[in-house]
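Enquirer: Mind looking over this structure? Questions follow.
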Amino acid sequence: MSVPDTSLRKPAVSIAARQALPARRPGRWIATAVVLVLAAMFAHTLVVNPNFQWSVVGHYFGTSLVLSGLLRTVEITVISMLVGIVLGALIAVMRLSSTAVVAGAGWAYVWIFRSVPLLVQLLVWYNLAALYPKLSIGIPFGPAFLHVDANHAITPFVAAVLGLGLHEAAYMAEIIRGGILGVDAGQSEAAEALGMSRMLTLRRVVLPQALRLIIPPTGNETISTLKGSSLVSVLSMADLLYSVQIVYSRTFQTIPLLLVACLWYLVVTSVLGVGQYYLERYVGRGNSRSGRGARPRGSGLVSLLRLRAPRRGTSLAVGTR
Amino acid sequence: MTRDTPPERSGPMVSVDGVHKAFGPIEVLRGVTLSARAGEVVCLIGPSGSGKSTLLRCINHLEHIDGGEITVDGQLVGYRRQPDGRLRERTPREVAHRRTQIGMVFQQFNLFGHLTVLQNVIEAPTRVRKVDRKEATAQALALLDRVGLGDKCDARPRQLSGGQQQRVAIARALAMHPTVMLFDEPTSALDPELVGEVLDVMRGLAGEGMTMIVATHEMGFAHEVADQVVFLDGGVIVESGPPKQVLDQPARQRTRQFLASISDRAPGDGATAAVRP
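If you read the protein sequences in the order shown, they are chains X and P. If you're matching positions, the first sequence starts at 500 in this note's numbering and goes up one per residue. If you're matching positions, the second sequence starts at 23 in this note's numbering and goes up one per residue.
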């Protein structure tokens with residue numbers, strides 16, 4: 500730059516003529532047009548088709564029955580995820596154990612609870628009393644200290660949380676195990692060489708770094724559990740879906756009430772998506788050279804919210820004058 | 023940092039006696055015996071796969087051994103002696119406790135990626151030795167100053183060059199006040215222009231009387247700093263002695279071959295006058 504290039508000084512070629520232009524991409528225009536037409540058709544039918552009964556949707560959207568169902572759904576989702584994460588972490592550690600029987604038990608758990616459909620698991624837990632009328636705590640093969648009547652203990656809520664939580668634990672176990680294995684072995688070696696115990700190494704060195712790998716799929720699992728919780732309507736649990744079903748079985752306004760449920764599921768999923776974005780940014784810190792958290796890539800909703808300026812608008816700067 | 027080792031010492035600081043180690047059917051160490059007195063620098067040289075790294079990892083019990091015994095400061099590291107004279111592996115907790123006196127520096131640095139430089143250095147002192155956080159921080163700052171990185175406390179490992187990361191790793195190991203430092207090819211993963219800064223730190227450490235066992239391909243460093251050079255090949259010690267002897271006048275044909283192959287690859291590598299056959 501200090502020695503000016505004489506060729507740039509020649510006024511013969513104007514700056515505009517020296518601009519480097521991007522390739523023409525007619526396919527983009529066609530694709531954009533197709534998508535916009537389809538979107539317009541969809542918007543049109545939402546407005547024009549009277550069967551949507553938007554006024555009914557609006558009427559029931561905020562009713563206390565629907566809101567209490569929503570609360571139940573969120574409650575079941577949160578508790579099931581907590582059960583899933585805690586139990587999943589335990590099973591992940593079991594599967595990584597060097598003791599064959601312990602590792603085998605972890606494997607068997609994942610095998611069974613991942614293989615049986617969630618709906619079937621929910622029904623089995625709900626009907627546990629038929630299998631074990633009395634639940635007791637005591638010495639194995641010895642006397643028992645505490646008896647509980649299974650019919651009383653396994654309420655629909657308990658069955659729902661057990662079914663969803665234990666099912667989720669199998670998936671979380673695999674996610675957490677993958678996360679732990681994804682942390683370079685050198686990290687735990689360095690920790691152990693410093694005299695850190697295995698527990699301390701896992702807690703302070705491995706898990707914090709595994710989180711970066713564990714959080715994104717856990718977000719998916721939370722959404723999947725939220726949606727899976729609609730299955731508990733078969734246990735007559737007044738969750739979001741069951742609540743709208745109560746209404747439309749009475750009023751026969753099936754579609755608008757299902758729309759109420761759809762919209763609420765959309766809202767909760769969106770909130771979860773935003774939360775996941777910030778959580779990922781937090782655990783991703785230390786992973787970028789700038790030192791601040793790396794922006795997680797491909798986080799659908801948020802990337803939609805943050806449309807970047809199109810790249811075609813930028814042209815190459817010509818020289819520095 | 024000065025080491026508070028009593029000047030009068032009966033045995034060696036590190037003693038490796040007839041150690042055998044196999045990974046499945048492959049015997050990596052086949053009866054290795056060596057010792058390092060307090061304050062001595064021992065350089066392990068040899069082709070890759072010769073057992074240098076494995077030997078270092080056995081010394082702080084990152085690998086268990088199949089036979090023989092290893093003591094540091096007169097004590098067995100990963101084992102205790104049973105009444106019948108055989109060795110029994112200690113519990114992980116006991117091993118962890120014994121490792122605190124042995125510092126280790128890895129080829130790939132292995133800094134904790136989620137922690138800052140300062141947090142990397144104070145993690146083990148505060149969590150394992152239960153040093154007060156303030157005290158640990160002050161000590162860490164002094165150590166980081168010493169390796170020339172006092173201004174990088176809040177950086178994360180990824181923001182540092184390889185040479186800087188390795189210097190932090192050395193500071194992190196020193197923060198536990200080890201009596202012995204093990205270096206596993208500490209400069210092999212570095213760009214050539216960054217090797218010097220790490221070797222300088224190690225040179226300083228040796229000058230202060232730290233007992234060091236260093237697996238390395240830096241013949242110049244070995245020549246200049248080592249009290250003892252040990253040439254390993256195929257899991258046995260082929261030749262050992264003062265650097266002038268092993269590096270300049272090797273007695274064994276295999277040693278000469280190895281040194282020649284090294285000097286072919288890196289001509290003019292430091293002060294080494296590798297003898298060509």
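Think of the CB as a built atom: it goes at the ideal place given N, C-alpha and C, for glycine as much as any other residue. Model, not experiment: these values are computed from the prediction.
1. Which of the residues in the segment 103-117 of chain P, read from start to end, lie with their CB under 8 Å from any CB of chain X?
2. Considering Cα atoms alone, identify which of X/S635, X/C761, X/P755 is closest to X/P549.
3. Would you be able to state if there are at least three C-beta pairs under 8 Å between the segment 75-88 of chain P and the segment 263-279 of chain P?
4. Do X/V705 and X/S687 have their beta-carbon atoms positioned less than 7 Å apart in this structure?
5. Opposite P/I124 in the DSSP bridges: which residues?
6. Quick one: give me the first and last residue of the beta strand (DSSP E) that X/I636 is part of.
7. Let's see if you can read the secondary structure: which residues bound the beta strand (DSSP E) around P/G263?
8. For P/T122, return the contacting residues in chain X, with the cut-off set at a CB-CB distance below 7 Å.
9. DSSP state of X/V623, grouped into three classes?
10. At a Cβ threshold of 7 Å, is P/V244 touching chain X?
11. So, helix, strand or coil for X/R796, using DSSP?
12. State the start and end residues of the unbroken beta strand (DSSP E) segment that holds X/T562.
13. Which of the three DSSP states is assigned to X/L654 in this structure?
14. Please report the residue range of the beta strand (DSSP E) in which P/R52 lies.
15. If we ignore side chains and look at the alpha-carbon of each, how far apart do X/W528 and X/F541 end up?
16. Below 8 Å on the Cβ atoms is my contact criterion, and I expect P/V54 with P/V64 to pass it. Report the Cβ-Cβ distance as a whole number of Å.
17. Give me, in chain order, the residues of the same chain whose beta-carbon lies closer than 7 Å to that of X/V615; leave out the 5 immediate sequence neighbours on both sides.
18. What's the C-alpha gap between P/V143 and X/M736?
19. Please classify P/G170: does DSSP put it in a helix, a strand, or coil?
20. Is there contact between the segment 713-724 of chain X and the segment 760-773 of chain X, where contact requires at least three CB pairs shorter than 8 Å?
21. Can you pull the chain X neighbours of P/F128, defined as C-beta to C-beta under 9 Å?
22. Taking only three categories from DSSP, how would you classify P/R112?
23. Please tell me whether X/A591 and X/R697 are closer than 7 Å, where the distance is taken between their beta carbons.
24. Does the beta carbon of P/R149 sit closer than 7 Å to a beta carbon anywhere in chain X?
25. Determine whether the Cβ of X/R810 lies closer than 7 Å to any Cβ atom of chain P.
26. Which of the residues in the segment 178-202 of chain P, read from start to end, lie with their CB under 9 Å from any CB of chain X?
27. At a Cβ cut of 8 Å, what residues of the segment 76-90 of chain P count as close to chain X, listed as they run along the chain?
28. To the nearest angstrom, report how far apart P/T138 and X/I638 are at their CA atoms.
29. Return the first residue and the last residue of the beta strand (DSSP E) that X/V743 is part of.
30. Need the endpoints of the beta strand (DSSP E) that P/E91 sits in, please.
31. Alpha carbon to alpha carbon, how far is X/V600 from P/R151?
32. Hey, how far is the Cα of X/A760 from the Cα of X/S554?
33. With DSSP run on the structure shown, which of helix, strand or coil describes P/R103?
Expert: So, from the data block:
1. P114, R115
2. X/P755
3. no
4. yes
5. P/V202
6. 633-637
7. 258-263
8. G694
9. helix
10. The question names Val, but residue 244 of chain P in the sequence shown is Ala. Not an interface residue.
11. Since pLDDT at X/R796 reaches only 49, below the 50 mark, its modelled position is unreliable, and the value read off the structure follows with that caveat. Three-state result, X/R796: coil.
12. Note, X/T562: premise wrong, no beta strand (DSSP E); not H, not E.
13. It is Thr, not Leu, that sits at residue 654 of chain X in the sequence shown. Coil.
14. 48-58
15. 20 Å
16. About 12 Å separates the two Cβ atoms, so there is no contact after all.
17. none
18. 53 Å
19. coil
20. yes
21. G685, E688, A689, A692
22. coil
23. no
24. yes
25. Low local confidence applies: a pLDDT of 42 at X/R810 is under 50, so the model's placement there is unreliable, with the coordinate-based value given in what follows. No, because no Cβ of chain P sits closer than 7 Å to the Cβ of X/R810.
26. R178, P179, R180, Q181, A191, R194, A195, A197, M198
27. N82, L84
28. 49 Å
29. First-last for X/V743: 739-750, but that is the alpha helix (DSSP H), not the beta strand (DSSP E).
30. 89-94
31. 35 Å
32. 15 Å
33. strand
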